[in-house]
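Participant:
In the working numbering, the protein residues as written are 640 to 1079.
1. Buried or exposed for residue 1068, please, with buried defined as at least 16 other CB atoms from any protein chain shown within 10 angstroms of its CB.
2. What number of angstroms, rounded off, separates the C-alpha of residue 792 from the C-alpha of residue 785?
3. Buried or exposed for residue 677, please, with buried defined as at least 16 other CB atoms from any protein chain shown within 10 angstroms of its CB.
4. Apart from the five residues just before and just after residue 779, which ones in its own chain have a Cβ nearer than 6 Å to its Cβ?
5. Which first and last residues belong to the alpha helix (DSSP H) in which residue 983 is found?
6. Quick one: Cα of residue 701 to Cα of residue 825, how far?
7. Since residue 1017 sits in a beta bridge, which residues does DSSP pair it with?
8. Cβ atoms of residue 712 and residue 743: under 9 Å apart, would you say?
9. DSSP has residue 950 in a bridge; who is on the other side?
10. Quick one: what's got a C-beta closer than 6 Å to residue 981's C-beta in the same chain, skipping five residues either side?
11. Please return the same chain residues whose Cβ sits closer than 7 Å to the Cβ of residue 1045, not counting the five positions on each side in sequence.
12. Which same chain residues, not among the five before or five after residue 661, have their C-beta less than 6 Å away from its C-beta?
13. Quick check on the DSSP output: the beta strand (DSSP E) that includes residue 1045 runs from which residue to which?
14. Grouping DSSP H, G and I as helix and E and B as strand, with all else coil, what is residue 971?
15. Evaluate residue 781 with the Cβ neighbour count: other Cβ atoms within 10 Å of its Cβ, from every protein chain shown; 16 or more gives buried, anything less gives exposed.
16. The beta strand (DSSP E) with residue 830 in it runs from where to where?
17. Just to check my reading of the structure: residue 937 and residue 911 have Cβ atoms closer than 8 Å, yes? What is that Cβ distance to the nearest angstrom?
18. Buried or exposed: residue 913, going by 16 or more other Cβ atoms within 10 Å of its Cβ?
19. Would you say the region 793 to 803 touches the region 835 to 845, given that touching needs at least three Cβ pairs under 8 Å?
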């Protein structure tokens, strides 16, 4: 049965909310020149002879390995990665190309050697308007890896196998415009073609298979038409000391449905339409960082009578984070998901299918430390689904060796009472992982 994959994002691959992303998630976009307003920056650029911008080259070398900690003990990853980050910036325009060259002889999915364009886009800065065109990583919301309003593509295989946090997010080929109007920041994103999440397939990673008797599968994606393009809007401003945003999304649900045809023993995997309306706020109250996020999902099954498609739902996230003694930080999150039309869903559920509860409740706890001038960073993250009775635990130790060089050693634990639940299905993928990165 279907369980919304957005909840997986509560997993703690980060030491703090959003840590490690190309852009800090959950924060409203800032003007194109942080030192000036957009109008001032462009005016200065127009009055100054333009110098030829230089090409900047950055990147890193990385080794990321993980070992399954349960029987059968086996390598899940022995990945060597070179990232080249090329960028050029002028007062009015710029570009970035971030390319990964990857070799992993133990890859659980895909080829052992491949080239991945992580991001590649052009930028243009006007007086009150910024444009970005191309492949780019987009993150919304204020949760600690709980994505309610963030429906942009993600890679759950990287997440399960202990990759650094930035590899949970995938790039979207999109046009993004940011318009600055007094105290408001308005963001519009146009994605011409649906880009799906990467989920576990095959036999190397354990996961729930809803129809084990199937002998074949068929993926049906939305036609590449303008009607199926995705549109996302965000309006952000400070209200009473709180960073506040409103969200709209019209597009495709990243979590597909599964339909089994017993005559052909074929499973059809198909994503469906999804509309989302949401809001978030984040700010300080007497030394505690408070966060809240809300999202209403209007799904293709608006009547709630098709058990293969998600029902409309209301989703709420509440969070608090506080710095304790000696830079120790503790944070807690509470998630609530209310399935609308639950009675119709139960009436349409075939005999023998796992049943979802109307109200889903999840709690997370993160404990984080910072030692020796922030060169040692141990963290522990715990997640428990109160209704499904499944859990996720992540413990990680990260240390800086030299400026630009760090390593991380950690463990991912999955478990649960039932095989069909979100984290229970990953039981058997428990792993120990190691990452070593040298930036240049």
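Positions of the beta carbon are idealized from the N, C-alpha and C atoms, including for glycine.
Facilitator: By the coordinates alone:
1. The residue you call residue 1068 lines up with position 429 of the chain shown. Buried: at least 16 other Cβ atoms inside 10 Å.
2. Residue numbering aside, residue 792 sits at position 153 when the chain shown is read from its first letter. Residue numbering aside, residue 785 sits at position 146 when the chain shown is read from its first letter. Roughly 14 Å between the two C-alpha positions.
3. The residue you call residue 677 lines up with position 38 of the chain shown. Confidence at residue 677 is low in this model, with a pLDDT of 47, below 50, so its placement is unreliable and the value that follows should be read with caution. Buried, by the Cβ-count rule.
4. Taking the first residue of the chain shown as position 1, residue 779 is located at position 140. The answer, listed in chain order, is 788 and 789.
5. By 1-based counting over the chain shown, the position of residue 983 is 344. Here the alpha helix (DSSP H) through residue 983 covers 981 to 987.
6. Along the chain shown, read from residue 1 onward, the residue named residue 701 stands at position 62. Along the chain shown, read from residue 1 onward, the residue named residue 825 stands at position 186. A straight line joining the alpha-carbon of residue 701 with that of residue 825 spans about 37 Å.
7. Residue mapping note: residue 1017 aligns to position 378 of the chain shown, counting from 1. The partner list for residue 1017 (beta bridge, DSSP) reads 1036.
8. The sequence position of residue 743 within the chain shown is 104, counting from 1. The sequence position of residue 712 within the chain shown is 73, counting from 1. Taking 9 Å as the Cβ cut-off, residue 743 and residue 712 do not qualify as a contacting pair.
9. Here residue 950 refers to the residue found at position 311 of the chain shown. In DSSP, residue 950 forms no bridge with anything.
10. To locate residue 981, count along the chain shown from 1; it is residue 342. Only 997 meet the Cβ criterion.
11. Looking up residue 1045 in the chain shown gives position 406. The answer, listed in chain order, is 1037, 1038, 1039 and 1076.
12. For the purposes of this step, residue 661 is identified with residue 22 of the chain shown, where counting begins at 1. Its pLDDT being 35, under 50, residue 661 is placed unreliably in this model, and the coordinates cannot settle the point.
13. Counting from 1 along the chain shown, the entry for residue 1045 is found at position 406. Unbroken beta strand (DSSP E) run through residue 1045: 1044 to 1055.
14. Indexing the chain shown from 1 puts residue 971 at position 332. Residue 971 falls in the strand class under three-state DSSP.
15. Locating residue 781 in the chain shown gives position 142, where the first residue counts as 1. It is buried - the Cβ of residue 781 has at least 16 other Cβ atoms within 10 Å.
16. Counting from one through the chain shown, the residue named residue 830 turns up at place 191. Where residue 830 is concerned, the enclosing beta strand (DSSP E) stretches over 823 to 830.
17. Position 298 of the chain shown, counted from the first residue, corresponds to residue 937. Position 272 of the chain shown, counted from the first residue, corresponds to residue 911. Contact flag wrong, Cβ pair sits at about 11 Å.
18. Locating residue 913 in the chain shown gives position 274, counting from the first residue. Around the C-beta of residue 913, 16 or more other C-beta atoms lie within 10 Å, and the residue is accordingly described as buried.
19. Taking one beta carbon from each stretch, the region 793 to 803 and the region 835 to 845 have 3 or more pairs nearer than 8 Å; the two touch.
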